[in-house]
Amino acid sequence: MSEAVMGTSVVRYTNSSLLRVASGAGDTTMFCQPNNTADDGSYIEEDIQVRIERIVEILVPLLFGVIIVLGLFGNALVIIVVSANQQMRSTTNLLIINLAIADLLFIVFCVPFTAVDYIMPYWPFGDTWCKTVQYFIVVTAFASVYTLVLMSLDRFLAVVHPIASMSVRTERNASRAILILWAVILVSTIPVISRHGEVRYEHNETEHTTCIFLTYNPSSNELCEKCAS
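Here the sequence shown is numbered in numbering that gives the first Met the number 0, starting from 0 and rising by one per residue.
Right under this line is the structure:
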């Protein structure tokens, strides 16, 4: 609230007012910038939220793009170099190739779609691809972890039992172990497909879709409320 003294008139006005003040010399028009103090907080909040969303829309594709380029180049280079060089084919290097393959699958099937999911307010690829992406995320994660376990076992045998383990640490046995590893992982992670899916829900009177882990029945209101929150 402010005051304006004009002649014999004292006028009180708010920042959001537009007043015409009558005085002896004629009419004087006063323009004031709007300043709704009650709404300042919400305006600032919305402005900050919009800026954060714009930053995310720029940074997320950039960071994920760097990950994709470096991951594809690095892992492909490992596979090509080790496969092309006969002298480098050892049990350890076979496991390293397997680790690179798992990383490549993750980069190809998971990273781009995860980036899109971060940027866009909805899942645009449908329910089938949602299940596929989530399945490969779990499969590649397990493959990477258990490949590292096999590498640790291989190093243990090479250091602790260097002579006795020579008959065990062969390329054929390493290849068999890798095949068994993938077979077990591919079969044991099948339930992941039924536990993930595309869900539609309403939030702020707008219909959205998302790809999530289904802890409830997809058609239940509880799940929709959970997504909206």
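Here a beta-carbon is modelled for each residue, glycine too, at the ideal position from N, C-alpha and C.
Since the model is a prediction, treat every value here as computed from it, not as a measurement.
From the DSSP output, read off the bridge partner residues of R199.
Position 200 of the sequence shown holds residue 199. Answer is T208.
Check whether the region 100-118 touches the region 131-148, taking contact to mean three or more Cβ pairs, one atom from each stretch, closer than 8 Å.
yes
Counting Cβ pairs closer than 8 Å, one from the region 79-95 and one from the region 173-181, do we hit at least three?
yes
Span of the alpha helix (DSSP H) around N92
As a working note, residue 92 is residue 93 in the sequence shown. 90-108 is the extent of the alpha helix (DSSP H) around N92.
Does DSSP put Y121 in a helix, a strand or coil?
Taking the sequence shown and counting its residues from 1, one reaches residue 121 at position 122. Coil at Y121, not helix or strand.
Just to confirm, is the Cβ distance from N74 to A114 under 8 Å?
Within the sequence shown, the letter at position 75 stands for residue 74. Within the sequence shown, the letter at position 115 stands for residue 114. Contact: no.
State whether the region 113-133 contacts the region 151-171, with contact taken as three or more CB pairs (one from each stretch) at a distance under 8 Å.
no
Taking all protein chains shown into account, decide if H160 is buried (16 or more other Cβ within 10 angstroms of its Cβ) or exposed.
Residue 160 sits at position 161 when you count from the first residue of the sequence shown. It is exposed - the Cβ of H160 has fewer than 16 other Cβ atoms within 10 Å.
Might you give, ordered along the chain, the residues of its own chain that have their beta carbon closer than 7 Å to the beta carbon of V144, omitting 5 neighbours on each side?
Looking up residue 144 in the sequence shown gives position 145. Around V144: no qualifying Cβ.
Let me know the secondary structure DSSP gives N84 once reduced to three states.
Position 85 of the sequence shown holds residue 84. If DSSP states are grouped into helix, strand and coil, N84 belongs with coil.
Whole-angstrom distance between A83 and S187, CA atom to CA atom
Indexing the sequence shown from 1 puts residue 187 at position 188. Indexing the sequence shown from 1 puts residue 83 at position 84. Cα to Cα, S187 sits roughly 33 Å from A83.
First through last residue of the alpha helix (DSSP H) which encompasses S193:
One-based indexing of the sequence shown puts residue 193 at position 194. Run containing S193: 190-194, per the alpha helix (DSSP H) assignment.
Helix, strand or coil: how does DSSP classify L76 here?
Here residue 76 is taken as the residue at index 77 of the sequence shown, counted from 1. DSSP places L76 in helix when its eight states are reduced to three.
In the structure shown, what three-state DSSP assignment does P111 receive?
The residue given as residue 111 occupies position 112 in the sequence shown. P111: helix per DSSP, three-state reduction.
Exposed or buried, L185, counting other C-beta atoms within 10 Å across all chains shown (16 or more means buried)?
The residue labelled residue 185 in the question sits at position 186 within the sequence shown. With fewer than 16 Cβ atoms within 10 Å of its Cβ, L185 is classed as exposed.
Do L71 and L103 have their C-beta atoms closer together than 8 Å?
In the sequence shown, residue 71 corresponds to position 72, counting from 1. In the sequence shown, residue 103 corresponds to position 104, counting from 1. A contact, by the Cβ cut-off of 8 Å.
Could you tell me the boundaries of the alpha helix (DSSP H) in which S174 lies?
For the purposes of this step, residue 174 is taken as the residue at position 175 of the sequence shown. Note, S174: alpha helix (DSSP H), 170-187.
For S151, the nearest candidate out of T90, V183, V55 (CA to CA)
On the sequence shown, residue 151 is found 152 positions in, with the first residue counted as 1. The shortest Cα separation from S151 among T90, V183, V55 belongs to T90.
Using CA atoms only, rank isn't needed, just tell me which of Q133, M87, T208 is closest to H195.
Within the sequence shown, numbered from 1, the residue matching residue 195 stands at position 196. With distances taken between Cα atoms, H195 lies closest to Q133.
By a C-beta neighbour count over all protein chains shown, 10 Å radius and 16 as the cutoff for buried, is L61 buried or exposed?
Reading the sequence shown from its first residue, position 62 is the one you call residue 61. Per the 10 Å Cβ criterion, exposed.
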